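Heads up: the structure comes next, in C-alpha cells.
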Ligand code: FES
Ligand SMILES: [Fe+2]
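In this note's numbering, the protein residues as written are 25 to 395.
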C-alpha cells in the first residue's frame, strides 16, 4: 500500500482489530494527494460511479455530457430506447464532440465534422474516408459498461467491476417501495468544491450533524435523535432518518409504501460516492467524484414524483436542498481548513445510529486500498 503510514495503520486496525473503538481516520486521509491518486486507481476506475438519471434523457437522441476522472462522456438515449455511455472524444484527433445537453440525430465533432451514430459508430469522416487504408470500424466511439438502478445510471470505466446487483445485495428491500424510478430530475447541477470528497460523502450520510447544522431546515423534520442505522452490506450502508412527531408525515403516495416508510427518509450510500436521501414524494442525491486531494465535483439533483411537479413544488424542493447544502458547505469548508492543522487528530465517532455509516465506509476503504 502506498498511502501514508498513519493511514495504512488506521486502515489495518479497522480491518483487523475486533472491537476497535470507532475513531475518524487521520487528517491526511482527507487532504493527501497520494491518497487521492490511490483512490482513483484502486477504487473509482474499477467501481460503479453514478453519472445521473435516465429520466434526464427520455426521448431517442436525448443526451447530456459529463466528465469523471478526465473521461469526457456522452450519456445518450439510443434508438432502441436503452441508455448508452459513450466516450466524448473524437476518434480523429481527440476533440471533445458534444457539450451540455440536447437532442441530436447524430453526434458531430465541431473540429473537422466527423459524425457518429447515437451508438458511437462512425457515420461520416469527410475527405478522410477516401484515404487508402481508412477503416470506419476502427473509429467507433468506445462504450462504457453501465447499469440503471432505480433510474440512476452507474458507469464502470475499466469494464471489470463486479456485478452491480451483487455489490448492493440486500439494499433494494429498503428502497424499492419508494419507487425512485418513477421520479424525475428537477434540475441536475454540477458544482466544484474545495473539499475532500470523503468529507462530503460522510457528511451527507451521518445524522449526528442534522440537529446542530440544520436547526431551521432539516432538524424540524429529521432530528439527529431519530436516526436509525441499517446493517451495511459489501457495497453500501445507510440509515433511516425518521420524521419527528411534530412533522406531518408524507401521504402514502404509492400503495407499496408502508406506514413506517411514509414517515422517514431512507439515507443510502452506494460506495464509493453515491449518496441519496430517498423520500416518499421526492429524493435528493449527489454523485461525488474527487478532482484532487482537496477538490471535488458533485453532480446533484432533486428528483420528484409527477404530482410534485403538478403542484408546482418541484422547484421549491430544489431550493430547499440548495439551502441545506449551503449549510453543509459552510461547515465543511471549516472542516477542510481545520484538517490542515499539525494538531488535528483522529476523533471518537458517535454511536452507530449517528456515525456508524462512517465506520462502515472505513471498512470498505480499508478493503479496497489494501488490495
Ligand atoms: S478532431 Fe473531430 S473531426 Fe477532427
Ligand atoms: Fe447536512
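All C-beta atoms, glycine included, are put in the ideal place defined by N, C-alpha and C.
It should be emphasised that the depicted structure is a prediction, and the values quoted were computed from it without experimental measurement.
Considering only residues of the same chain and omitting the five flanking positions on each side of residue i, which have a CB-CB separation below 8 angstroms?
i: residue 15; result: Nothing in the structure corresponds to residue 15, since the chain is present only between 25 and 395.
i: residue 366; result: none
i: residue 368; result: 51 and 362
i: residue 360; result: 54, 55, 218, 219, 220, 223 and 318
Return yes when the C-beta of residue i is under 7 angstroms from any heavy atom of ligand 1, and no when it is not.
i: residue 133; result: yes
i: residue 138; result: yes
i: residue 116; result: yes
i: residue 111; result: no
i: residue 335; result: no
i: residue 268; result: no
i: residue 331; result: no
i: residue 119; result: yes
Kindly list the residues whose CB is nearer than 7 angstroms to the CB of residue i, restricted to its own chain and excluding five residues on each side of it in sequence; keep chain order.
i: residue 83; result: 101 and 127
i: residue 228; result: 299 and 310
i: residue 247; result: 234, 235 and 268
i: residue 371; result: 47 and 48
i: residue 364; result: 55
i: residue 294; result: 192, 259 and 260
Residue range of the alpha helix (DSSP H) that residue i falls in?
i: residue 142; result: Element bounds for residue 142: n/a, residue is neither H nor E.
i: residue 136; result: Residue 136 -> no alpha helix (DSSP H), and no H or E assigned at all.
i: residue 331; result: 330 to 334
i: residue 79; result: No alpha helix (DSSP H) contains residue 79, which DSSP labels as neither H nor E.
i: residue 225; result: 221 to 228
i: residue 63; result: 57 to 66
i: residue 316; result: First-last for residue 316: 306 to 316, but that is the beta strand (DSSP E), not the alpha helix (DSSP H).
Comparing the CB of residue i with every heavy atom of ligand 2, is any distance shorter than 7 angstroms?
i: residue 237; result: yes
i: residue 233; result: yes
i: residue 344; result: no
i: residue 385; result: no
i: residue 271; result: no
i: residue 352; result: yes
i: residue 53; result: no
i: residue 220; result: no
i: residue 227; result: yes
i: residue 348; result: yes
Measuring alpha carbon to alpha carbon, tell me which residue in the options is nearest residue i.
i: residue 303; options: 165, 285 and 75; result: 285
i: residue 134; options: 42, 384, 121 and 159; result: 121
i: residue 108; options: 261, 76, 117 and 199; result: 76
i: residue 327; options: 347, 301 and 351; result: 301
i: residue 180; options: 339, 296 and 368; result: 296
i: residue 191; options: 260, 148, 232 and 240; result: 260
i: residue 89; options: 113, 272, 58 and 106; result: 113
i: residue 111; options: 87, 244 and 271; result: 87
i: residue 215; options: 146, 353 and 197; result: 353
i: residue 383; options: 349, 345, 257 and 346; result: 257
How far does the beta strand (DSSP E) with residue i in it extend, from its first residue to its last?
i: residue 129; result: It is not in any beta strand (DSSP E) - residue 129 carries neither H nor E in the DSSP assignment.
i: residue 266; result: 260 to 266
i: residue 93; result: Careful: residue 93 lies outside any beta strand (DSSP E) and carries neither H nor E.
i: residue 379; result: Element bounds for residue 379: not the beta strand (DSSP E) but the alpha helix (DSSP H), 376 to 393.
i: residue 236; result: Taken as a continuous stretch (DSSP letters only), residue 236 belongs to no beta strand (DSSP E), being part of the alpha helix (DSSP H) at 234 to 237.
Would you please verify whether the beta carbon of residue i is less than 8 angstroms from any beta carbon of chain D?
i: residue 346; result: Judged by its chain identifiers, the structure shown contains no chain D, having just a single protein chain.
Within a Cβ cutoff of 6 angstroms, which residues of the same chain sit near residue i, ignoring the five residues on either side of it in sequence?
i: residue 332; result: 305, 306 and 338
i: residue 312; result: 221, 224, 225, 297, 320 and 322
i: residue 250; result: 266
i: residue 410; result: Only positions 25 to 395 of the chain appear in this structure, which leaves residue 410 out of reach.
Could you tell me whether the region 160 to 177 touches the region 54 to 70, using the rule of 3 or more Cβ pairs below 8 angstroms? Taking a cut-off of 8 angstroms on C-beta distances, the region 160 to 177 does not touch the region 54 to 70, as fewer than three cross pairs fall below it.
Should the region 368 to 377 be called in touch with the region 40 to 49, which here means at least 3 C-beta pairs below 8 angstroms? By the Cβ criterion, the region 368 to 377 is in contact with the region 40 to 49, since at least three pairs of Cβ atoms, one from each stretch, lie closer than 8 angstroms.
Touch test, the region 290 to 298 against the region 257 to 267, Cβ-Cβ under 8 angstroms, three pairs minimum: These segments touch.
For the 8 angstroms Cβ check, are there 3 or more pairs between the region 317 to 327 and the region 216 to 224? By the Cβ criterion, the region 317 to 327 is in contact with the region 216 to 224, since at least three pairs of Cβ atoms, one from each stretch, lie closer than 8 angstroms.
Cβ contact check for the region 178 to 188 and the region 149 to 160: 3 or more pairs under 8 angstroms: With a cut-off of 8 angstroms, the region 149 to 160 and the region 178 to 188 do not count as touching, because too few Cβ pairs lie within range.
Cβ pair count under 8 angstroms reaching 3, the region 141 to 152 against the region 87 to 104: With the cut-off at 8 angstroms, the region 141 to 152 and the region 87 to 104 touch.
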